[in-house]
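Heads up: the structure comes next, in structure tokens.
Protein chains: 4
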Amino acid sequence: MSDGVGTKGRDWLMDRVVFRQWCRVPVRYNDLDPLGHVNNTATAIFFEEARCQLITPKLKAHGAHVDMVLAATSIDYRRELHYPGEVEIGTVLTRLGSKSFSLAHGIFQDGICAGTGEVVLVVFDLERRTALAPPDDVRAFLETLKAA
Amino acid sequence: MSDGVGTKGRDWLMDRVVFRQWCRVPVRYNDLDPLGHVNNTATAIFFEEARCQLITPKLKAHGAHVDMVLAATSIDYRRELHYPGEVEIGTVLTRLGSKSFSLAHGIFQDGICAGTGEVVLVVFDLERRTALAPPDDVRAFLETLKAA
Amino acid sequence: MSDGVGTKGRDWLMDRVVFRQWCRVPVRYNDLDPLGHVNNTATAIFFEEARCQLITPKLKAHGAHVDMVLAATSIDYRRELHYPGEVEIGTVLTRLGSKSFSLAHGIFQDGICAGTGEVVLVVFDLERRTALAPPDDVRAFLETLKAA
Amino acid sequence: MSDGVGTKGRDWLMDRVVFRQWCRVPVRYNDLDPLGHVNNTATAIFFEEARCQLITPKLKAHGAHVDMVLAATSIDYRRELHYPGEVEIGTVLTRLGSKSFSLAHGIFQDGICAGTGEVVLVVFDLERRTALAPPDDVRAFLETLKAA
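For the record, the sequence lines run as chains A, B, C and D.
With the working numbering applied, the first sequence closes on residue 148, and no number is skipped along the way.
With the working numbering applied, the second sequence closes on residue 296, and no number is skipped along the way.
With the working numbering applied, the third sequence closes on residue 444, and no number is skipped along the way.
With the working numbering applied, the fourth sequence closes on residue 592, and no number is skipped along the way.
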């Protein structure tokens with residue numbers, strides 16, 4: 001594909017040292033599909049879980065109406081994920097704009113990279129239904145997630 | 149983001165005329181999340197549904213062990229999807245390789261494009277655990293999905 | 297089991313004529329589990345879909361804060377559900393209390409009963425966080441769902 | 445309801461001392477629904493997870509074709525489950541038949557019982573598609589799950 005669905009541009013995310021934060025999620029039997037492995041959509045759930053654990057509490061500290069919405073996502077599936085087991089999701093910030101930012105993730109099981117990906121998130125005021133500049137402390141926190 | 153998670157490269161998929169096949173899926177209450185709209189992971193489920201309806205039967209006609217696995221996916225979220233309602237998923241082939249191919253999708257609700265995306269699929273022998281050249285009739289079918 | 301998880305008490309729900317309303321839901325590939333059939337939790341989703349299509353709009357007509365919550369559910373799994381295909385969910389009212397009511401369901405695929413069950417629902421004010429007597433028109437509607 | 449969907453018959457499961465085994469599962473953001481609490485269907489997933497962690501490995505030790513299928517389930521919803529957080533699922537055996545058995549569960553969050561339920565499971569030969577007497581060691585293990 002011409003524009004980045006291919007995995008090559010994200011090979012750097014297979015190395016655990018690039019990540020600034022980690023989240024651990026046990027795989028559930030319910031994540032499996034007829035092929036006996038974790039269904040592809042579970043990886044999107046794992047990425048969601050990583051950002052909700054890491055960033056949502058910082059946003060919600062400014063009010064229940066402060067949240068983020070997903071603008072784009074991209075995932076490279078590199079190996080099967082198995083059950084039982086758990087996954088580790090690494091997170092690193094790849095872009096910090098005025099009202100949006102991008103996170104890159106690696107997903108690992110038993111120490112081996114099973115997938116990589118990126119997401120574009122927009123800080124969002126749920127009441128006014130508009131994008132929002134992240135509050136200063138959130139911006140400062142996001143800065144700590146930048147690649148070293 | 150530098151490499152294609154951004155939506156611009158896929159704006160052409162917002163036009164219904166580019167798609168060669170369509171699949172309709174009713175939204176479920178269970179697709180909703182705390183923001184009251186369809187959760188982002190449901191879009192991955194809708195893409196999965198489109199290809200399983202369209203292509204899986206052609207593969208399975210060659211044996212239960214002939215299937216496809218997802219190598220990469222990319223989704224642009226352009227509008228909220230609502231419940232109750234249904235979505236229409238348009239499909240067009242963007243690449244046909246020796247053992248893999250790429251599909252692009254647009255997802256529409258009430259006639260309006262709510263998202264676009266692409267997936268890379270590998271034809272796979274589930275018994276031998278190896279990639280497989282698609283059988284001739286499958287290849288011929290995939291050709292019919294090419295953009296006009 | 298001593299108290300009704302067994303299926304015998306609900307055999308009458310295997311007969312389509314007992315139902316007052318029907319809802320059709322296409323099965324999704326994503327409903328399947330490693331056994332290659334529809335996972336048990338999907339049946340709970342199908343029951344949820346039936347009541348959300350049938351009753352939620354009647355409640356919401358009285359304000360976004362008027363809803364129902366599930367107090368109890370019971371499902372008998374009688375046959376496997378398959379993909380591709382669709383299910384039909386039949387609904388009949390089995391009890392109408394002052395603030396709660398019970399629905400019984402049958403789930404059919406290709407005309408054959410694959411499961412039966414019952415749910416207890418409480419009409420609920422989401423703002424005040426208390427149970428609510430159903431508005432008169434909702435009560436009148438629920439009466440129409442009673443077994444003949 | 446006349447036959448056990450009501451919660452009273454299972455009040456004894458609100459006491460943690462009755463359970464013989466425990467399983468811990470982190471709640472995911474993806475378990476939430478538009479009411480902002482964990483969706484009812486997640487409780488069925490938590491029960492499934494408890495039995496898959498506890499019993500499936502004992503069955504699979506006798507071959508990939510030895511499994512169990514769900515014949516019936518019943519859940520009482522007593523309190524909302526929240527995110528972030530985790531749930532603890534307690535398990536106790538309530539019946540051990542020749543080819544099937546029943547488990548009762550309690551689900552707890554922050555030490556408080558949020559739900560109770562029972563499931564009927566049939567030991568199953570996936571190849572022959574027939575119910576199976578559980579192997580001796582599995583039967584011995586199930587005996588250890590009996591209420592004291």
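Quick reminder that beta carbons are idealized off the backbone N, C-alpha and C, glycines included.
Contact under 8 Å by Cβ, residue 394 of chain C with residue 443 of chain C: In the third sequence, residue 394 of chain C corresponds to position 98, counting from 1. In the third sequence, residue 443 of chain C corresponds to position 147, counting from 1. For the pair residue 394 of chain C and residue 443 of chain C, the CB atoms are not nearer than the 8 Å cut-off.
Buried or exposed (CB count within 10 angstroms, at least 16 for buried), residue 44 of chain A: The count along the first sequence starts at 1 and reaches residue 44 of chain A at position 44. Looking at its Cβ environment, which holds 16 or more other Cβ atoms inside 10 Å, residue 44 of chain A is buried.
DSSP beta-bridge partners of residue 507 of chain D: Position 63 of the fourth sequence, counted from the start, is the residue given in the question as residue 507 of chain D. Bridge partners of residue 507 of chain D: none, in fact.
Reduced DSSP secondary structure (H/G/I, E/B, other) of residue 232 of chain B: Indexing the second sequence from 1 puts residue 232 of chain B at position 84. Three-state result, residue 232 of chain B: coil.
Paired residues, beta bridge with residue 468 of chain D - DSSP: Along the fourth sequence, one-based indexing puts residue 468 of chain D at 24. Beta bridge pairing from DSSP links residue 468 of chain D with D:532.
Residue span of the alpha helix (DSSP H) that contains residue 118 of chain A, given as start and end: Here the question's residue 118 of chain A lines up with position 118 in the first sequence. Careful: residue 118 of chain A lies outside any alpha helix (DSSP H), inside the beta strand (DSSP E) at 112-125.
Within 8 Å, strictly: CB atoms of residue 414 of chain C and residue 390 of chain C: Start at 1 with the first residue of the third sequence, and residue 414 of chain C comes out as number 118. Start at 1 with the first residue of the third sequence, and residue 390 of chain C comes out as number 94. Yes; because the gap between Cβ atoms is below 8 Å, this pair is in contact.
Chain B contact residues for residue 485 of chain D, given Cβ-Cβ distances below 8 Å: Along the fourth sequence, one-based indexing puts residue 485 of chain D at 41. Close partners of residue 485 of chain D in chain B (Cβ separation under 8 Å): 178.
Proximity to residue 215 of chain B [Cα-Cα], best of B:221, B:180, B:207: Position 67 of the second sequence, counted from the start, is the residue given in the question as residue 215 of chain B. Comparing Cα positions, the closest option is B:207.
Classification of residue 507 of chain D by the beta-carbon crowding that lies within 10 angstroms, buried from 16 upward: Walking along the fourth sequence from the start, residue 507 of chain D turns up at place 63. Answer is exposed; the Cβ neighbour count stays below 16.
Inter-residue Cα distance where the pair is residue 307 of chain C and residue 412 of chain C: Here the question's residue 307 of chain C lines up with position 11 in the third sequence. Here the question's residue 412 of chain C lines up with position 116 in the third sequence. A straight line joining the alpha-carbon of residue 307 of chain C with that of residue 412 of chain C spans about 8 Å.
Cβ-Cβ separation, residue 463 of chain D to residue 534 of chain D (assumed contact under 8 Å), whole Å: Counting from 1 along the fourth sequence, the entry for residue 534 of chain D is found at position 90. Counting from 1 along the fourth sequence, the entry for residue 463 of chain D is found at position 19. Confirmed, about 3 Å.
Residue 248 of chain B to residue 61 of chain A span [Cα, whole Å]: For the purposes of this step, residue 248 of chain B is identified with residue 100 of the second sequence, where counting begins at 1. For the purposes of this step, residue 61 of chain A is identified with residue 61 of the first sequence, where counting begins at 1. Put simply, the backbone Cα of residue 248 of chain B is about 46 Å away from that of residue 61 of chain A.
Inter-residue spacing [alpha-carbon to alpha-carbon] between residue 161 of chain B and residue 75 of chain A: By 1-based counting over the second sequence, the position of residue 161 of chain B is 13. By 1-based counting over the first sequence, the position of residue 75 of chain A is 75. When rounded, the distance between both Cα atoms is 19 Å.
Pair within 8 Å by beta-carbon distance, residue 217 of chain B and residue 197 of chain B: By one-based count along the second sequence, residue 217 of chain B stands at place 69. By one-based count along the second sequence, residue 197 of chain B stands at place 49. The Cβ atoms of residue 217 of chain B and residue 197 of chain B do not sit closer than 8 Å to each other.
Helix, strand or coil at residue 315 of chain C [DSSP, three-state]: Here residue 315 of chain C is taken as the residue at index 19 of the third sequence, counted from 1. Three-state DSSP puts residue 315 of chain C in coil, outside helix and strand.
Proximal chain D residues relative to residue 379 of chain C, where beta-carbon distance stays under 8 Å: As a first step, residue 379 of chain C is located in the third sequence; it is residue number 83 there, counting from the start. Within chain D, no residue comes near residue 379 of chain C; the closest Cβ sits about 17 Å away, beyond 8 Å.
Contacting positions in the segment 385-399 of chain C - beta carbon closer than 9 Å to chain D: So the close ones are 390, 391, 398.
Under 8 Å (Cβ pairs) to chain A, residues found in the segment 192-223 of chain B: Listed in sequence order: 192, 193, 196, 215, 217, 218, 219, 220, 221, 222, 223.
Listed by chain order, chain A residues near residue 330 of chain C by CB distance under 9 Å: Within the third sequence, the letter at position 34 stands for residue 330 of chain C. Chain A residues near residue 330 of chain C: 29, 32, 33, 34, 35, 36, 37, 83.
C-beta contact flag for residue 37 of chain A and residue 86 of chain A at 8 Å: Working through the first sequence from its first residue, we reach residue 37 of chain A at position 37. Working through the first sequence from its first residue, we reach residue 86 of chain A at position 86. No, Cβ-Cβ distance for residue 37 of chain A and residue 86 of chain A is not below 8 Å.
Spatial neighbours of residue 473 of chain D in its chain, beta-carbon cut-off 7 Å, leaving aside the 5 residues before and after: Sequence index remark: in the fourth sequence, residue 473 of chain D carries index 29 (1-based). Excluding five sequence positions before and after residue 473 of chain D, the CB atoms of its chain that fall closer than 7 Å to its own CB belong to 527, given in chain order.
Status (buried if at least 16 other CB within 10 Å, exposed otherwise) for residue 311 of chain C: Taking the third sequence and counting its residues from 1, one reaches residue 311 of chain C at position 15. Exposed: under 16 other Cβ atoms inside 10 Å.
Residue 570 of chain D at chain C interface by Cβ criterion, 8 Å: In the fourth sequence, the residue the question calls residue 570 of chain D occupies position 126. Interface annotation, residue 570 of chain D: in contact with chain C, CB-CB separation under 8 Å.
Residues bridged to residue 279 of chain B (per DSSP): Reading the second sequence from its first residue, position 131 is the one you call residue 279 of chain B. According to DSSP, residue 279 of chain B bridges with B:272.
Close-in-space but distant-in-sequence residues of the same chain around residue 426 of chain C (CB under 8 Å, 5 per side omitted): The residue given as residue 426 of chain C occupies position 130 in the third sequence. Around residue 426 of chain C: 420.
Given residue 268 of chain B as reference, the closest of B:171, B:289, B:254, B:221 once Cα atoms are compared: Locating residue 268 of chain B in the second sequence gives position 120, where the first residue counts as 1. Relative to residue 268 of chain B, the option among B:171, B:289, B:254, B:221 whose CA is nearest is B:221.
Interfacial residues, the segment 304-322 of chain C to chain B, with Cβ spacing under 8 Å: Cβ contacts with chain B: 321, 322.
Selected residue, minimal CA-CA separation from residue 199 of chain B, among B:170, B:257, B:175, B:182: One-based indexing of the second sequence puts residue 199 of chain B at position 51. B:170 is the residue among B:170, B:257, B:175, B:182 whose C-alpha sits nearest the C-alpha of residue 199 of chain B.
One or two residues paired with residue 294 of chain B in a DSSP bridge: For the purposes of this step, residue 294 of chain B is taken as residue 146 along the second sequence, with counting starting at 1. Bridge partners of residue 294 of chain B: B:241.
Inter-residue Cα distance where the pair is residue 109 of chain A and residue 42 of chain A: On the first sequence, position 109 is the one that residue 109 of chain A refers to. On the first sequence, position 42 is the one that residue 42 of chain A refers to. Distance between the alpha carbons of residue 109 of chain A and residue 42 of chain A: 14 Å.
Neighbour-count burial assignment, residue 297 of chain B, 16 or more Cβ in a 10 Å radius: Chain B is shown only over 149 to 296; residue 297 of chain B falls outside these bounds and no answer can be derived.
Contact check, residue 188 of chain B vs residue 225 of chain B, beta carbons under 8 Å: Working through the second sequence from its first residue, we reach residue 188 of chain B at position 40. Working through the second sequence from its first residue, we reach residue 225 of chain B at position 77. Going by C-beta atoms, residue 188 of chain B is nearer than 8 Å to residue 225 of chain B.
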